[in-house]
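Trainee: Residue numbers (the numbering used here): 227 to 769.
Even for Gly, the Cβ is constructed at its ideal location relative to N, Cα and C.
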Ligand code: AMP
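Have a look at this one:
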């Protein structure tokens, strides 16, 4: 017989599946969930709350991800892929990819869609697959932690990510077996984690200094509406550069012969770099620290010699000051684009491990003239915000859209336009325009009897189209024969709430039209995503 009590429905919290928030970072990723109204950061089996975004492929085995994969970086450099976020959604000839090709030990090769791919042990992987392995790993951690299947996620991307990069990240989520509820901007997520916007109307600055990159975003928050008003950044300014300066300071204390020894030895350089990073972290807590590296070099008789030096916080501050200053030059840029001054900023959010550093906290406070919000761990704040948004969106889905959740309004990170005959980029949508948005512009034919026109869509601020990032192209055919200038063509641009761009060209007189939806020109087709999703779901990754 049934116990009458067992007919009661379980509490709402137990019945609802959970949606996770994922901060898919360049160096590290974090996954969070909201349970019983509380944000929880999900650890791995060893208790780590941040997980290296590293995927390592062994011969014929399933890849390993996270901290274990990190250990493979020295043992299996060609099979261990890191920093893939720098490459995802870009073209093979973009500056960032060319730069990476010269600096990473793994093999970057051209893919079918003019995209970079990674070749490991004779298999070629798209960047979407690499990121999918990271996402799948995070999903498996969440499943183990929650003891339930996890399907829904919000994934964050930098505010400056273009259409291709957003779409490629979304595809990576799909391949990982997730239903991506939304791709949201990292600074927006950070502001959400601090509960900004609850009945306030203000500007917020999100200062994000991580291991390898710096980003500053200015948000306008009006109640539930979050608008990224401007963003600026330096993709090659981060904690690693601080470590490098401390390392240079250490090197300068060695004799010339010992400096030569260190330069020749990758393992000595690695030891020094670790010690420099350690010292930097310690100086966030104490006034001075002793840097010690055992067996760094050999003396004339071949005996190991240790390195020891004292570094005070004052010295450290002097050493890294040029880097700190550079971040504020970038802040100036973002504020100018947002047409505000530091004093207009009502809330200041710190993101990234480097913002634990006291010199950064003090300098940021000086620049903006207010204390930064520091309550949430700066490594975790983006993923916590993503989890809040994921929970809102899932709740809204389950209640048939009735739950208000938080409405996020974003802006176009870069200008969008088309190439003109002279090779210039004719802008149709300026950067920092709120989305969704749409616009149109009229063009004419440039040659007598022209029967078709090629529309090439570019994203970027350069005057010449070729200096910008090409998002795609299409051809409007069947133009009526006429002298040049007689045929009028209207080009329409539309950007939806997810930031996906559609472009249509229409001959004004005949109504003949052609269009494309710019679903990541360097991306995978819907069928490729589906096949990879199935392939991955059969893999036993052994989590
Ligand atoms: P993220 O990419 O956000 O994980 O940031 C990692 C960077 O933050 C690395 O350069 C770390 O060395 C740095 N970092 C982490 N903790 C501290 C700390 N307590 N003090 C100074 N820097 C730190």
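Mind checking residue 481: buried by the 16 CB within 10 Å criterion, or exposed?
Mentor: Counting from 1 along the chain shown, the entry for residue 481 is found at position 255. Under this definition residue 481 is an exposed residue.
Trainee: Output needed for residue 532: all residues of its chain with C-beta closer than 7 Å, excluding positions within five of it in sequence on either side, in chain order.
Mentor: As a position in the chain shown, residue 532 is number 306, starting the count at 1. Counting only Cβ-Cβ distances below 7 Å, and skipping sequence neighbours, we find 518, 519, 520, 521, 522.
Trainee: Please find out if some non-hydrogen atom of ligand 2 comes closer than 7 Å to the beta-carbon of residue 292.
Mentor: Here the bound small molecules are ligand 1; ligand 2 is not part of this structure.
Trainee: Taking residue 754 as the reference, give the member of 269, 351, 260, 284 with the closest Cα.
Mentor: One-based indexing of the chain shown puts residue 754 at position 528. Residue 351 is the option with its Cα nearest to residue 754.
Trainee: Report whether the distance from the Cβ of residue 276 to the nearest heavy atom of ligand 1 is below 7 Å.
Mentor: The residue you call residue 276 lines up with position 50 of the chain shown. Yes, the Cβ of residue 276 comes within 7 Å of a heavy atom of ligand 1.
Trainee: Quick one: using the 10 Å Cβ neighbour count with 16 as the cut-off for buried, is residue 734 buried or exposed?
Mentor: As a working mapping, residue 734 is identified with position 508 in the chain shown. Answer is exposed; the Cβ neighbour count stays below 16.
Trainee: Between 566, 731, 255, 382, which lies nearest to residue 681 when the distance is taken from Cα to Cα?
Mentor: Here residue 681 refers to the residue found at position 455 when the chain shown is read from its first residue. If we check each option's Cα against that of residue 681, 731 comes out closest.
Trainee: Could you name the residues of the same chain whose beta carbon sits closer than 7 Å to that of residue 281, not counting the 5 residues immediately before and after it, in chain order?
Mentor: In the chain shown, counting from the first residue as 1, residue 281 sits at position 55. Hits under 7 Å: 289, 291, 295, 307, 356, 359, 360.
Trainee: Near residue 362, what residues of its chain come up, given a Cβ to Cβ distance below 6 Å and the 5 sequence neighbours on each side ignored?
Mentor: Translated into positions along the chain shown, residue 362 becomes position 136. Within the same chain, residue 362 has close Cβ partners 402.
Trainee: Does the beta carbon of residue 588 fall short of 7 Å from some heavy atom of ligand 1?
Mentor: Numbered from its first residue, the chain shown carries residue 588 at position 362. Incorrect: residue 588 has no Cβ contact closer than 7 Å to ligand 1.
Trainee: Return the chain-ordered list of same chain residues with a C-beta closer than 6 Å to the C-beta of residue 256, the five sequence neighbours on each side being excluded.
Mentor: The sequence position of residue 256 within the chain shown is 30, counting from 1. For residue 256, where only same-chain residues beyond five positions count, the Cβ hits under 6 Å are 249, 276, 606, 609.
Trainee: When DSSP labels each residue in this structure, what does residue 645 get in the three-state scheme?
Mentor: Residue 645 sits at position 419 when you count from the first residue of the chain shown. Strand at residue 645.
Trainee: May I ask you to verify whether the segment 428 to 443 touches the segment 552 to 559, counting CB pairs closer than 8 Å and requiring at least 3?
Mentor: At 8 Å Cβ cutoff, the stretches touch.
Trainee: Apart from the five residues on each side of it in sequence, which residues of its chain come closer than 6 Å, Cβ to Cβ, to residue 629?
Mentor: For the purposes of this step, residue 629 is taken as residue 403 along the chain shown, with counting starting at 1. Because residue 629 carries a pLDDT of 49, less than 50, the predicted location of this residue cannot be relied on, and no value is offered for it.
Trainee: Please classify residue 739 as buried or exposed, where buried requires at least 16 neighbouring CB atoms within 10 angstroms.
Mentor: Taking the chain shown and counting its residues from 1, the one referred to as residue 739 is at position 513. By the neighbour-count rule (16 or more Cβ atoms within 10 Å), residue 739 is not buried but exposed.
Trainee: Given this structure, state the Cα-to-Cα distance separating residue 406 from residue 264, to the nearest angstrom.
Mentor: The count along the chain shown starts at 1 and reaches residue 406 at position 180. The count along the chain shown starts at 1 and reaches residue 264 at position 38. Those two C-alpha atoms are separated by around 22 Å.
Trainee: In the structure shown, what three-state DSSP assignment does residue 689 receive?
Mentor: As a working note, residue 689 is residue 463 in the chain shown. Three-state DSSP puts residue 689 in coil, outside helix and strand.
Trainee: Using 10 angstroms around the beta-carbon of residue 268, count the other beta-carbons present and answer buried if the total reaches 16, otherwise exposed.
Mentor: Start at 1 with the first residue of the chain shown, and residue 268 comes out as number 42. It counts as buried.
Trainee: Residues bridged to residue 478 by DSSP?
Mentor: Position 252 of the chain shown holds residue 478. Beta-bridge pairing links residue 478 to no other residue.
Trainee: Kindly indicate which three-state DSSP category residue 492 falls into: helix, strand or coil?
Mentor: If you number the chain shown from 1, residue 492 lands on position 266. Under the three-state reduction of DSSP, residue 492 is assigned to helix.
Trainee: Count the C-beta pairs between the segment 376 to 384 and the segment 340 to 348 that are closer than 8 Å, then say yes if the count reaches three, no if not.
Mentor: no
Trainee: Do residue 699 and residue 673 have their C-beta atoms closer together than 8 Å?
Mentor: As a first step, residue 699 must be located in the chain shown, where it is residue number 473. As a first step, residue 673 must be located in the chain shown, where it is residue number 447. Cβ atoms of residue 699 and residue 673: not closer than 8 Å.
Trainee: Using the beta-carbon count (16 or more within 10 Å), is residue 244 buried or exposed?
Mentor: The residue labelled residue 244 in the question sits at position 18 within the chain shown. With 16 or more Cβ atoms within 10 Å of its Cβ, residue 244 is classed as buried.
Trainee: Closest to residue 472 by C-alpha separation, out of 505, 450, 451, would be which residue?
Mentor: Start at 1 with the first residue of the chain shown, and residue 472 comes out as number 246. Cα-wise, what sits closest to residue 472 is 505.
Trainee: Taking just the CA atoms, how far does residue 571 sit from residue 507?
Mentor: Here the question's residue 507 lines up with position 281 in the chain shown. Here the question's residue 571 lines up with position 345 in the chain shown. Between residue 507 and residue 571, the C-alpha separation is close to 29 Å.
Trainee: Mind checking whether the beta-carbon of residue 466 lies closer than 7 Å to any heavy atom of ligand 1?
Mentor: Here residue 466 refers to the residue found at position 240 when the chain shown is read from its first residue. Under cutoff, so the answer is yes.
Trainee: Taking all protein chains shown into account, do 16 or more other C-beta atoms lie within 10 angstroms of the C-beta of residue 469, making it buried, or fewer, making it exposed?
Mentor: In the chain shown, the residue the question calls residue 469 occupies position 243. Buried is the call here.
Trainee: Along the chain, where does the beta strand (DSSP E) containing residue 460 start, and where does it finish?
Mentor: Position 234 of the chain shown holds residue 460. Unbroken beta strand (DSSP E) run through residue 460: 451 to 460.
Trainee: Would the C-beta of residue 270 count as close to ligand 1, meaning under 7 Å from any of its heavy atoms?
Mentor: For the purposes of this step, residue 270 is taken as the residue at position 44 of the chain shown. False, no ligand heavy atom lies under 7 Å from that Cβ.
Trainee: For residue 445, does the three-state DSSP call read helix, strand or coil?
Mentor: Walking along the chain shown from the start, residue 445 turns up at place 219. Assigned with DSSP and collapsed to three states, residue 445 falls in strand.
Trainee: Report yes if the C-beta distance between residue 711 and residue 579 is below 8 Å; otherwise report no.
Mentor: Mapped onto the chain shown, residue 711 falls at position 485. Mapped onto the chain shown, residue 579 falls at position 353. No. Outside cutoff.
Trainee: Let me know the secondary structure DSSP gives residue 376 once reduced to three states.
Mentor: Counting from one through the chain shown, the residue named residue 376 turns up at place 150. Residue 376: coil per DSSP, three-state reduction.
Trainee: Could you check what DSSP says for residue 255 in three-state terms: helix, strand or coil?
Mentor: As a position in the chain shown, residue 255 is number 29, starting the count at 1. In the structure shown, residue 255 sits in a strand (DSSP, three-state: E or B).
Trainee: Ignoring anything shorter than 3 residues, give me the beta strand (DSSP E) runs that lie fully in the segment 263 to 318, in order along the chain.
Mentor: 264 to 267
Trainee: Using a 10 Å radius around the Cβ and a threshold of 16 neighbouring Cβ atoms, would you call residue 393 buried or exposed?
Mentor: Your numbering for residue 393 matches position 167 in the chain shown. Result: buried.
Trainee: Suppose contacts are defined by Cβ-Cβ distances below 8 Å. Is residue 309 in contact with residue 323 by that definition?
Mentor: Walking along the chain shown from the start, residue 309 turns up at place 83. Walking along the chain shown from the start, residue 323 turns up at place 97. It is not a contact, given that the beta carbons lie outside the stated cut-off.
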